[in-house]
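Report on the following structure.
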Amino acid sequence: MASHIVGYPRMGPKRELKFALESFWDNKSSAEDLQKVAADLRSSIWQQMAAAGIKYIPSNTFSYYDQVLDATSMLGAVPPRYGWNGGEIGFDTYFSMARGNASVPAMEMTKWFDTNYHFIVPELGPDVNFSYASHKAVDEYKEAKA
Numbered sequence: 665m666a667s668h669i670v671g672y673p674r675m676g677p678k679r680e681l682k683f684a685l686e687s688f689w690d691n692k693s694s695a696e697d698l699q700k701v702a703a704d705l706r707s708s709i710w711q712q713m714a715a716a717g718i719k720y721i722p723s724n725t726f727s728y729y730d731q732v733l734d735a736t737s738m739l740g741a742v743p744p745r746y747g748w749n750g751g752e753i754g755f756d757t758y759f760s761m762a763r764g765n766a767s768v769p770a771m772e773m774t775k776w777f778d779t780n781y782h783f784i785v786p787e788l789g790p791d792v793n794f795s796y797a798s799h800k801a802v803d804e805y806k807e808a809k810a
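Under our numbering, think of the first position of the sequence shown as 665, with each following residue one higher.
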């Protein structure tokens, strides 16, 4: 029988993502260091799924912050206060939306999907111009397929 799961915990068995994020946010490591930890975690997760006999291994289940923020970024729905002017959304904009920075507050969060987990609340309105601004989903699909 073919099997599939829709996701997998992303923090790592020893909370590697948590520590990598904190190090990055404290300017003790680079974006490349954070991306390396994330790539290693994703690879390990995919290998564990394959070893467990999962036939249809999902991609794009990983997030640096939360999946609603990822979808908001993919659609380019960045509030103007973050100063994003188009193109691929980088960590500066992504994490400013999630956590705020010295000059702008973070986006609001709320409990969604009947869980106790808080997710970013997208700020949608008539002035939002959607654009394909994050290639994360496609990049992770290609990464998983490789």
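The beta carbon of each residue, even a glycine, is placed where N, CA and C say it ideally should be.
| message | Quick check for students: name the residue ranges of the alpha helix (DSSP H) that lie wholly in the segment 750-807, counting only runs of 4 or more. | response | 755-763
| Between E680 and I784, what straight-line distance do the alpha-carbon atoms span, to the nearest angstrom? | Taking the first residue of the sequence shown as 1, we reach residue 680 at position 16. Taking the first residue of the sequence shown as 1, we reach residue 784 at position 120. Answer to the nearest angstrom: the Cα atoms are 22 Å apart.
| task | Round the Cβ separation of R829 and E772 to the nearest angstrom and send it over; I've been treating them as touching at under 8 Å. | result | Since the first residue shown for the chain is 665 and the last is 810, residue 829 is missing from the structure and cannot be characterised.
| message | Let me make sure I understand the geometry here. Which of E804, D791 and A810 has the alpha-carbon closest to that of P743? | response | Counting from 1 along the sequence shown, the entry for residue 743 is found at position 79. Of E804, D791 and A810, the residue nearest in Cα terms is D791.
| For A684 versus V670, is the C-beta spacing smaller than 7 Å? | Looking up residue 684 in the sequence shown gives position 20. Looking up residue 670 in the sequence shown gives position 6. Cβ distance not < 7 Å, so A684 and V670 don't count as in contact.
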